[in-house]
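Trainee: One structure coming up, written as structure tokens, with questions to follow.
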Amino acid sequence: MTSPDQLRLLAVHAHPDDESSKGAATMAKYVAEGARVLVATCTGGERGSVLNPAMDRPDVWERLPQIRVEEMARAREILGVEQEFLGFVDSGLPEGDPLPPLPDGCFALVPVEEAAAPLVELIRRFKPQVITTYDERGGYPHPDHIKTHEISVHAFDAAGDPDRYPELGDPWQPSKLYFHMSFTLPRTKALHEAILATGVESPYTEWLANWDPAHDISHRVTTRVPCAEYFPVRDAALIAHATQIDPEGRWFACPPETQQRVWPTEDYELARSLVDVPLPEDDLFTGIRTEVGVR
Numbered sequence: 004m005t006s007p008d009q010l011r012l013l014a015v016h017a018h019p020d021d022e023s024s025k026g027a028a029t030m031a032k033y034v035a036e037g038a039r040v041l042v043a044t045c046t047g048g049e050r051g052s053v054l055n056p057a058m059d060r061p062d063v064w065e066r067l068p069q070i071r072v073e074e075m076a077r078a079r080e081i082l083g084v085e086q087e088f089l090g091f092v093d094s095g096l097p098e099g100d101p102l103p104p105l106p107d108g109c110f111a112l113v114p115v116e117e118a119a120a121p122l123v124e125l126i127r128r129f130k131p132q133v134i135t136t137y138d139e140r141g142g143y144p145h146p147d148h149i150k151t152h153e154i155s156v157h158a159f160d161a162a163g164d165p166d167r168y169p170e171l172g173d174p175w176q177p178s179k180l181y182f183h184m185s186f187t188l189p190r191t192k193a194l195h196e197a198i199l200a201t202g203v204e205s206p207y208t209e210w211l212a213n214w215d216p217a218h219d220i221s222h223r224v225t226t227r228v229p230c231a232e233y234f235p236v237r238d239a240a241l242i243a244h245a246t247q248i249d250p251e252g253r254w255f256a257c258p259p260e261t262q263q264r265v266w267p268t269e270d271y272e273l274a275r276s277l278v279d280v281p282l283p284e285d286d287l288f289t290g291i292r293t294e295v296g297v298r
């Protein structure tokens, strides 16, 4: 049951673990402030790899789909969010040259009109004022991330139109749509330089050396949400996805105290807004709080 005087945020992600690596501290912040936050996970991550060497075992591979559901449940509890699976099948990340065809029936091959239907139904039921998702490149070019972008943009418009998907509930028009801007060149450089300043080797050296500045989209950032105090919650949620996250890997190479000091925000692009807001912003609910009467 939704309340007209409560802030509601819907975060649309491709796989279990994406919600903990993109915007997790923001979600934890809003939950702590009394907002309802719902994560829509498009697929079950069935075709994901085991990226943590400690979990690369036959018993894990045998149960990987179920384990990923269990990991999602733990991360959901840590973040304090609600979460639902939309029911699509992971497409996997194709590798090779030329790339192999995607598996039959996978999420990335479902037509947008059809793939967006469960999300439209969820939007109409949950009634979020704000939706977050990936940019047109998917954040990185995984076919499921790109499809997640496509259905999120489609559903943002369709959910409020009574002539579209009339069988999926009463129309609801979200007010704002944001794209995550997680991996920007300025942020990575700032963390890299802060690590070097401590006399420690930076894990970002090779990454930055191969970064094409022409592909940086940091100029598109409109909104920086201060949420540094929730970085430990974010990290705990990430670690809960034990098959996907190596605690000794790059995700945790920069000490949280350094991150909190050097880059204490999570950053977004306001892609669509039906309310007038001044830019830049520091709150995804700018222009909405007064409408719903929540402080």
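Numbering of the sequence shown is given in this note's numbering, commencing with residue 4 and proceeding in unit increments. Backbone N, C-alpha and C fix where the C-beta goes; we use that ideal spot for every residue, glycine too. None of the values given here were measured: they were computed from a predicted structure.
From glutamate 74 to glutamate 117, what distance separates their C-alpha atoms?
Mentor: Taking the straight line joining both Cα atoms gives about 28 Å.
Trainee: Are the beta-carbon atoms of glutamine 263 and alanine 240 separated by less than 7 Å?
Mentor: Against a cut-off of 7 Å, the Cβ pair of alanine 240 and glutamine 263 comes out as no contact.
Trainee: Does the beta-carbon distance from lysine 25 to serine 185 come in below 7 Å?
Mentor: Cβ atoms of lysine 25 and serine 185: closer than 7 Å.
Trainee: Between the Cα of alanine 57 and the Cα atoms of Gly83, Glu251, Pro114, which residue gives the shortest distance?
Mentor: Cα-wise, what sits closest to alanine 57 is Glu251.
Trainee: Assuming the contact rule is C-beta atoms closer than 8 Å, phenylalanine 129 and leucine 10 should be a hit. Round their C-beta distance to whole Å, please.
Mentor: The pair is not a contact, with the Cβ atoms about 12 Å apart (cut-off 8 Å).
Trainee: Could you tell me which uninterrupted alpha helix (DSSP H) segments, each at least 4 residues in length, are contained entirely in the region 20-92, listed from first to last along the chain?
Mentor: Counting only runs of 4 or more, we get 21-24, 27-35, 61-65, 67-82.
Trainee: Can you tell me where the beta strand (DSSP E) with leucine 12 in it begins and where it stops?
Mentor: Start and end: 11-16.
Trainee: Based on the DSSP output, what are the partners of valine 133 in its beta bridges?
Mentor: According to DSSP, which records beta bridges pairwise, valine 133 is partnered with Leu12, Lys179.
Trainee: Would valine 265 and alanine 200 qualify as a contact pair, given that the criterion is a beta-carbon distance under 7 Å?
Mentor: No; because the gap between Cβ atoms is not below 7 Å, this pair is not in contact.
Trainee: Less than 7 Å between the beta carbons of isoleucine 291 and serine 178, yes or no?
Mentor: It is a contact, given that the beta carbons lie within the stated cut-off.
Trainee: What residue does the alpha helix (DSSP H) around threonine 208 start on, and which one ends it?
Mentor: 208-212 is the span of the alpha helix (DSSP H), which, as asked, contains threonine 208.
Trainee: Can we say the region 78-93 touches the region 106-115, given the rule of at least three CB pairs closer than 8 Å?
Mentor: The region 78-93 vs the region 106-115: in contact.
Trainee: Starting from the C-beta of threonine 289, find all residues in its chain whose C-beta is less than 6 Å away, skip the five residues before and the five after it, and write them out in chain order.
Mentor: Once the five neighbours on either side are set aside, the close Cβ partners of threonine 289 are Val280.
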